[in-house]
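Here is the structure we will look at.
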Amino acid sequence: SQTIHQWPATLVQPVGSPLSLECTVEGTSNPNLYWYRQAAGRGLQLLFYSVGIGQISSEVPQNLSASRPQDRQFILSSKKLLLSDSGFYLCAWSTFGQHREKLFFGSGTQLSVL
Amino acid sequence: GQQVMQIPQYQHVQEGEDFTTYCNSSTTLSNIQWYKQRPGGHPVFLIQLVKSGEVKKQKRLTFQFGEAKKNSSLHITATQTTDVGTYFCAVNQGGKLIFGQGTELSVKP
């Protein structure tokens, strides 16, 4: 069966520090991968999505970047965190076809930038 | 891009009362999905609707897709405390899922 791992669960970082959040998927190949951010416990904002290795689409201009060095690995990064980067970051995967882009989410990372 | 409006933002009900959340789009949708996020948790897929006028049920949950495929609703009959959480609709936009703002449901025992 497919599983998605996301870590860390919580993170407290000072303003101006770098960020690296990692997400890996097991049990499937060539998944679509996504990073969402949820501010104030509400709406889900799509940040990045990837349909393959090295292929990243950015949805909103921001202080963050994403990379996909391996088929089932998705990394969210920042060189210098801002206060506004605080939020709940969710990684997700999907496949085309049977599931019709149904998303499976990781357990999320609560990031606090102080 | 595809936008979907979800109302209400919050709903507080007494246990046993019904609950409904609505999603509306200005454009025709190919399909719509519904997710539930428990407090402190991550969104979990509930269902997908594809056909015009489609109605699907999961125990006390009833999902409807409008005839024009521009709106959808989730209705919970006789809410229980386990129904607490935020319910999101999501629509497909070029292979990406765009979420509504969600409806946060609280249930008073």
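Chains A and B, in that order, give the protein sequences. Under the numbering used here, the first residue of the first sequence carries the number 1, and numbering increases by one thereafter. Under the numbering used here, the first residue of the second sequence carries the number 115, and numbering increases by one thereafter. Note that beta-carbon positions come from the ideal geometry of N, C-alpha and C, so glycine has one too.
Query                                                                                                                                  : Result
Buried or exposed (CB count within 10 angstroms, at least 16 for buried), residue 204 of chain B                                       : buried
Nearest-angstrom Cα separation, counted from residue 49 of chain A out to residue 60 of chain A                                        : 11 Å
C-alpha distance - residue 24 of chain A paired with residue 167 of chain B, whole-angstrom precision                                  : 38 Å
Option nearest residue 45 of chain A by Cα separation, candidates B:202, B:219, B:220                                                  : B:202
Separation of residue 15 of chain A from residue 75 of chain A, as counted between CA atoms                                            : 20 Å
Identified DSSP bridge partners for residue 204 of chain B                                                                             : B:147, B:213
Limits of the beta strand (DSSP E) - the one that residue 22 of chain A falls within                                                   : 19-26
Sub-8 Å separation of residue 137 of chain B and residue 123 of chain B beta-carbons                                                   : no
Neighbourhood of residue 98 of chain A by C-beta distance below 6 Å, restricted to the same chain and skipping five residues each side : Low confidence applies here, because residue 98 of chain A scores a pLDDT of 47, under 50, leaving its location unreliable; read the following figure in that light. Here the set comprises nothing.
Residue 185 of chain B Cβ short of 7 Å to the ligand MN heavy atom set                                                                 : Because no ligand of any kind appears in the structure shown, any question about the ligand MN cannot be addressed here.
Stretch pair the region 26-37 of chain A + the region 178-196 of chain B: three plus CB contacts closer than 8 Å                       : no
Any C-beta of chain B under 8 Å from that of residue 131 of chain A                                                                    : No information on residue 131 of chain A is available, as it lies outside the stretch 1 to 114 that chain A covers here.
Beta-carbon proximity of residue 145 of chain B to residue 164 of chain B, cut-off 8 Å                                                 : yes
Proximal chain A residues relative to residue 213 of chain B, where beta-carbon distance stays under 7 Å                               : 43, 44
Residue span of the beta strand (DSSP E) that contains residue 51 of chain A, given as start and end                                   : 44-52
Residue 57 of chain A vs residue 65 of chain A beta-carbon contact at 8 Å                                                              : no
Nearest to residue 183 of chain A (by Cα), restricted to the options A:18, A:4, A:7, A:11                                              : Nothing can be reported for residue 183 of chain A, as the shown portion of chain A is limited to 1 through 114.
Sub-8 Å separation of residue 121 of chain A and residue 13 of chain A beta-carbons                                                    : Any property of residue 121 of chain A remains undetermined from this structure, which presents chain A solely from 1 to 114.
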